[in-house]
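What follows is one structure encoded as structure tokens, with my remarks underneath.
Residue numbers (full-length UniProt numbering): 1 to 609.
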């Protein structure tokens with residue numbers, strides 16, 4: 001059993017809560033741009049004074065409508081400035097925010113509304129309002145309890161949020177302050193439901209202390225990102241995800257200006273106009289950016305040059321990492337010259353794709369491949385990979401600009417202890433660990449051991465305190481021959497291929513290991529065009545000899561890293577795409593392995609006939 005800790009850097013008053021972060025920021029400089037809001041003529045600053053004024057008015061509207069401290073309020077919306085405004089208004093009114101992904105099904109919405117006890121729901125638009133009203137109409141318990149559904153958009157006449165604010169005009173400042181200051185650090189600020197990869201979502205009780213202590217300490221832990229002039233970031237991850245929400249509170253604590261974009265589809269366009277100085281990114285975005293850059297180079301007849309530049313970036317970063325570990329002296333003269341040449345010719349174009357001003361990126365939500373981490377760092381876009389779960393208010397470990405080990409997820413954040421148990425499970429204790437699961441004593445009894453939260457993930461701690469996540473306990477396959485197989489590394493290598501969307505390794509209780517593989521539509525189109533081949537739809541592509549041969553090469557590459565007993569013997573290309581809407585990915589783009597295996601059980605069976 002190995003353990004690593006980082007001392008707490010900032011302590012908070014137990015009587016304070018997350019709203020004090022906004023009051024402190026306002027007191028420091030009311031004119032400081034906390035947010036930038038995208039309008040028809042570009043980005044517009046929202047100063048701390050204006051934001052506090054709007055939050056207070058909206059909170060008064062909630063209080064006038066009967067909200068009492070401790071009441072739960074649901075929010076169903078894509079990422080937006082309005083989401084943030086409503087979140088802080090709920091907290092100022094003394095309420096508890098319950099995020100729900102806007103992609104959730106009617107049954108998921110019904111479950112979360114029932115389990116959380118929410119009596120009010122903020123929705124992003126008319127369509128989401130119709131979904132909620134339909135759910136309520138079919139659930140007598142909700143019909144009797146739910147009192148308000150408020151849209152956050154505009155219907156062409158009056159802003160719904162402004163109407164709610166106007167309704168609170170008669171609420172005094174003293175009454176608002178009574179509500180705002182009611183909660184302390186130990187009180188619940190939000191019920192954040194797990195993504196449901198292994199069953200019905202569980203409501204995690206995230207406290208004011210979790211949000212506020214993590215925020216204050218992360219600012220002190222990563223000053224290079226947050227404590228600088230004009231620090232700014234663009235948020236595109238769903239704010240229903242605890243990582244996005246935690247980072248939003250971190251930005252408030254550090255004074256970094258935050259912008260919002262509703263999702264990955266609009267991200268690249270908005271990056272060019274917003275020009276963030278740091279960026280929170282999930283691995284799939286890194287993969288898309290790299291693949292897109294490679295495709296553009298191939299179309300311009302510079303595909304070979306791009307591959308040379310990529311190899312130089314990876315080699316350069318790898319040499320840096322070896323030097324940091326004491327295993328070498330860093331990049332040699334020839335490599336430095338090659339890297340310097342590409343840093344003038346090609347790497348700036350890659351940096352420009354992220355807005356041109358990004359000094360650091362933070363990768364979370366799932367594992368980033370070692371090759372991609374080295375590629376982006378070598379190209380001048382350092383990646384600080386971290387690790388956390390909903391139950392840890394997201395970050396419990398992270399790499400820092402001065403302490404980075406590529407391939408690891410970093411060291412414990414301040415006020416956190418990481419322990420790796422005898423069976424390899426990662427255990428966490430610290431300032432971000434949640435209060436417990438809402439209305440679920442059985443889950444709470446199973447979730448903790450010796451005061452540590454049991455993550456269900458497997459990992460290793462090195463002598464310097466860097467954590468490497470090696471898999472998930474429930475994902476381990478045991479073949480009929482008794483061989484334990486970790487599917488993650490195999491899937492990661494296969495997914496790195498341009499043609500591949502997702503790979504799911506199967507074989508639990510079987511004689512050998514196999515894989516279900518989907519094709520990436522954009523990757524398929526680009527791959528064929530680069531080779532002068534005619535376009536193919538996905539149905540035709542899964543039986544095309546050239547495509548099958550290329551995917552086999554990716555599988556062969558993955559098999560090089562494992563023993564014969566762990567290697568993938570057969571694979572099947574699926575005529576489908578794994579998406580959030582299909583139910584096979586979480587909103588943070590993590591694979592729902594159990595759902596895939598269940599839905600494609602016939603394809604799995606064919607792999608063993």
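C-beta atoms are modelled at their ideal positions from N, C-alpha and C, and glycine is treated no differently.
Remember, it's a predicted structure, so these values are computed and weren't measured experimentally.
Is it buried or exposed, residue 102, if we count other Cβ atoms within 10 angstroms and call 16 or more buried? So residue 102 ends up on the buried side.
Taking DSSP as the reference, what is the three-state secondary structure of residue 179? Three-state DSSP puts residue 179 in a helix.
What residue ranges within the segment 13–52 form continuous beta strand (DSSP E) runs of no fewer than 3 residues, ordered along the chain? Within the segment 13–52, the runs of beta strand (DSSP E) at least 3 residues long that lie entirely inside it are, in chain order, 33–39 and 42–47.
Separation of residue 130 from residue 468, as counted between CA atoms: Residue 468 and residue 130: Cα-Cα distance of roughly 44 Å.
In the DSSP assignment, the beta strand (DSSP E) including residue 437 goes from what residue to what residue? No beta strand (DSSP E) contains residue 437, which DSSP labels as neither H nor E.
Straight-line Cα distance separating residue 484 from residue 456: Rounded to the nearest whole angstrom, the CA to CA distance from residue 456 to residue 484 is 16 Å.
Buried or exposed (CB count within 10 angstroms, at least 16 for buried), residue 552: Taking all protein chains in view, the Cβ of residue 552 is surrounded by fewer than 16 other Cβ atoms within 10 Å, so the residue is classified as exposed.
Would you decide whether residue 512 is buried or exposed? Buried here means 16 or more other CB atoms lie within 10 Å of its CB. Flag for residue 512 reads buried.
In the segment 187–271, which residue ranges form an unbroken alpha helix (DSSP H) of at least 4 residues, counting only runs that do not cross its ends? Runs of alpha helix (DSSP H) with 4 or more residues, each lying fully within the segment 187–271, are found at 208–221, 223–226 and 242–254, listed in chain order.
Can you find a CB in chain B that lies within less than 9 Å of the CB of residue 45? No chain B appears in this structure, which consists of one protein chain only.
Cα separation between residue 17 and residue 180? The straight-line gap separating the alpha-carbon atoms of residue 17 and residue 180 is approximately 9 Å.
Have a look at the DSSP bridge pairing and note the partners of residue 457. In the DSSP assignment, residue 457 forms a beta bridge with 472.
Below 8 Å, how does it come out for the segment 390–410 and the segment 207–222: are there three or more Cβ pairs, yes or no? In short, these stretches touch, since the Cβ pair count reaches three.
Cβ contact (3+ pairs, closer than 8 Å) linking the segment 72–89 and the segment 234–242: A contact exists between the segment 72–89 and the segment 234–242.
With distances taken between CB atoms, is the gap from residue 59 to residue 116 smaller than 9 Å? Not closer than 9 Å, so no.
Hey, would you say residue 274 sits closer than 9 Å to residue 312, going by beta carbons? No, the pair does not count as a contact, with Cβ atoms beyond the cut-off.
Would you kindly report the start and end of the unbroken alpha helix (DSSP H) that includes residue 318? If you look at residue 318, you'll find it in the alpha helix (DSSP H) that goes 303–325.
When burial is assigned at 16 or more other CB atoms within 10 Å of the CB, is residue 516 buried or exposed? Residue 516 is buried by the Cβ-count criterion.
Rounded separation between residue 153 and residue 492 - CA only: A direct Cα-Cα distance of roughly 39 Å separates residue 153 from residue 492.
Under the DSSP definition of a beta bridge, which residues are partnered with residue 295? DSSP output for residue 295 lists no bridge partner at all.
Taking the alpha-carbon positions, what's the residue 123 to residue 78 distance? C-alpha separation (whole angstroms): 9 Å.
Considering only residues of the same chain and omitting the five flanking positions on each side of residue 32, which have a CB-CB separation below 6 Å? Taken in chain order, the residues that qualify are 48.
Which of helix, strand or coil DSSP assigns to residue 358: Correct three-state label for residue 358: coil.
Give the single residue among 410, 369 and 377 whose Cα lies nearest to the Cα of residue 387. It is 410.
Let's see if you can read the secondary structure: which residues bound the alpha helix (DSSP H) around residue 487? Here the alpha helix (DSSP H) through residue 487 covers 487–495.
Can you find the residues in the same chain that come closer than 7 Å, C-beta to C-beta, to residue 460, ignoring five residues on each side of it along the sequence? Contacts found: 420, 468 and 470.
Classify residue 556: buried if its beta carbon has 16 or more other beta carbons within 10 angstroms, exposed otherwise. By the neighbour-count rule (16 or more Cβ atoms within 10 Å), residue 556 is not buried but exposed.
What are the boundary residues of the alpha helix (DSSP H) that includes residue 151? Where residue 151 is concerned, there is no enclosing alpha helix (DSSP H), although the beta strand (DSSP E) it sits in stretches over 148–151.
Starting from residue 525, follow the alpha helix (DSSP H) in both directions and report where the run begins and ends. From DSSP, the alpha helix (DSSP H) with residue 525 extends over 521–530.
Is the distance from the Cβ of residue 380 to the Cβ of residue 345 below 9 Å? Between residue 380 and residue 345, the gap from beta carbon to beta carbon reaches 9 Å or more.
Hey, out of 65, 20 and 548, whose CA is closest to residue 166's CA? Selected option, being the one with the closest Cα: 65.
Can you tell me whether residue 593 is helix, strand or coil according to DSSP? In this structure, DSSP gives residue 593 a helical state, which the three-state scheme calls helix.
Please return the same chain residues whose Cβ sits closer than 6 Å to the Cβ of residue 295, not counting the five positions on each side in sequence. In the same chain as residue 295, and ignoring 5 residues on each side of it, the C-beta atoms closer than 6 Å to its own belong to 526, in chain order.
Going by DSSP, which residues form a beta bridge with residue 412? Per DSSP, 397.
Using C-beta distances below 6 Å, list every residue in its chain close to residue 245, excluding the 5 sequence neighbours before and after it, in chain order. In its chain, beyond the 5 residues on either side, 239 have a beta carbon closer than 6 Å to the beta carbon of residue 245.
With 16 other Cβ atoms within 10 Å as the buried cut-off, status of residue 310: When all chains shown are included, residue 310 counts as buried.
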